[in-house]
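Below you'll find the structure, written out as structure tokens, and then a few comments.
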Amino acid sequence: MRSLVSVRELGKKDVEDILKKAKGYRKGKVSKLEGDVALLFLEPSTRTRVSFEKACRRLGMNTYTVLGESSSLTKGESFLDTLKTFEALGFSGVVFRVPFVLFPYEGITKSINLSLINAGDSTHQHPTQGLIDLFTLKEVYGKLDGLKVLYVGDILHSRVFRSGAPLLRMFGAEVSVCGPRTLIPRDVHVFEVKEVFDSVDEGIDWADVVIWLRLQRERQRENFVPSERSYFERFGLTRDRYKNLKGYFMHPGPVNREIDIDGSLLYSEKSLIQGQVKNGLYVRMAVLSWCFEG
Ligand code: CP
């Protein structure tokens, strides 16, 4: 039994094993697991929650969903005590999305007889989204050696960037970022970024693939950008910028139309958005299988 809280725990062999399993599931491979999985979602989610639920069921596992307002965490119970409750009830694992950073977490994973799978902890990690983005890019480009990937937008609050960038670097891609300086984390170089672009047009010139991120208004306690309109004009994917893209663009979703991306471009020829969502099912099946089967 394994847990997956951060991509930093994964070696290249682990990632290759997960991607191989995902490829098998995409081709229709069947494998059966048993047991009960709790889906503890204390923050909103559509694609992550539903695809984990579908992945569990397709593998033969039972799912039990607990949402924020209905959980006893709102009555003051701690996260650890909530996990101990699932453990006592005989669950095999908990897929969790929480509004706080789970770090350090080794004390929790070691003290509990459950697989813990992180579906997003505040601004820290979203390992399955990072794996989905890696899987999707490998599907399109094959080898990622030297592929130039640009993340654009709210890097500061992005667990998607913090999960995706280390995985893309692991497979030889070059990673750069672009966004308002107020939304670039001070420790961005920890992620081995090649360049920090102030101009999205210069970033687009550099990049083979661009990953737009959502402007996360709900996490911003001050005005990091003058207005959504000016942000879209300076950093968004507009129709003019679309013409200059050398290759594909991605977005983990949910998209803020006319803030991150012009709505008319979401499902266009150069968009990999639907592919990312589709791959979410196979990658999450693979992660569940990797955690429970080994
Ligand atoms: N990408 C992502 O995590 O989407 P949801 O918030 O809809 O799960």
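Here the sequence shown is numbered in numbering that gives the first Met the number 0, starting from 0 and rising by one per residue. Heads up, the beta-carbon is just placed ideally off N, CA and C, and yes, glycines get one too.
Extent of the continuous beta strand (DSSP E) to which residue i belongs
i	result
Thr64	61-66
Ile317	Residue 317 falls outside the range modelled here, since the chain spans only 0 to 293, and no answer is possible.
Gly92	92-97
Beta-carbon proximity of residue i to residue j, cut-off 7 Å
i	j	result
Phe134	Ala206	no
Leu167	Val176	no
Val6	Pro126	yes
Thr62	Cys55	yes
Pro251	Gln124	no
Thr294	Ser2	Outside the displayed range of the chain (0 to 293) lies residue 294, so it cannot be described from this structure.
Val93	Phe85	yes
Gly246	Val208	yes
Val65	Leu88	no
Leu271	Met249	yes
Any non-hydrogen atom of the ligand CP within 6 Å of residue i CB
i	result
Arg46	yes
Pro179	no
Gly152	no
Gln171	Per the sequence shown, the amino acid found at residue 171 is Gly instead of Gln. Gly171: no, Cβ never under 6 Å from the ligand CP.
Gln128	yes
Tyr251	A small fix is needed here, since residue 251 is Pro in this sequence, not Tyr. Because some heavy atom of the ligand CP lies under 6 Å away, the Cβ of Pro251 counts as near it: yes.
Continuous alpha helix (DSSP H) stretch holding residue i: start and end
i	result
Asn117	Looking at the DSSP string, Asn117 is not in any alpha helix (DSSP H); the run it does join, the beta strand (DSSP E), is 114-120.
Glu292	That residue, Glu292, is in no alpha helix (DSSP H); it is neither H nor E in DSSP.
Gly202	199-205
Glu173	Segment 173-177 is the beta strand (DSSP E) holding Glu173; no alpha helix (DSSP H) there.
Phe234	227-234
Cutoff 7 Å: residue i Cβ touching any chain C Cβ
i	result
Thr135	Given the protein chain composition of this structure (a single chain), no chain C is represented.
Inset, instruction - Spell out a yes or no on whether the stretch 3-22 and the stretch 268-286 are touching, meaning 3 or more CB-CB pairs, one atom from each, closer than 8 Å. - result: With a cut-off of 8 Å on Cβ pairs, the stretch 3-22 is in contact with the stretch 268-286, counting three or more such pairs.
Inset, instruction - May I ask you to verify whether the stretch 139-154 touches the stretch 108-121, counting CB pairs closer than 8 Å and requiring at least 3? - result: The stretch 139-154 is not in contact with the stretch 108-121.
Inset, instruction - Could you tell me whether the stretch 21-35 touches the stretch 143-155, using the rule of 3 or more Cβ pairs below 8 Å? - result: Using a Cβ-Cβ distance cut-off of 8 Å, the stretch 21-35 and the stretch 143-155 are not in contact, since fewer than three pairs of beta carbons, one from each stretch, lie closer than that value.
Inset, instruction - Can you check the stretch 117-164 for any beta strand (DSSP E) of at least 3 residues that lies completely inside it and give the ranges in chain order? - result: For the stretch 117-164, whole beta strand (DSSP E) runs of length 3 or above, ordered along the chain, are 147-151.
Legend entry - the stretch 252-262 touching the stretch 208-227, judged by at least three CB pairs closer than 8 Å: Using a Cβ-Cβ distance cut-off of 8 Å, the stretch 252-262 and the stretch 208-227 are in contact, since at least three pairs of beta carbons, one from each stretch, lie closer than that value.
Legend entry - Any alpha helix (DSSP H) of 4 or more consecutive residues that is wholly inside the stretch 10-92: If one requires a minimum length of 4 residues, the alpha helix (DSSP H) runs lying completely within the stretch 10-92 are 11-25, 46-57, 78-87, in chain order.
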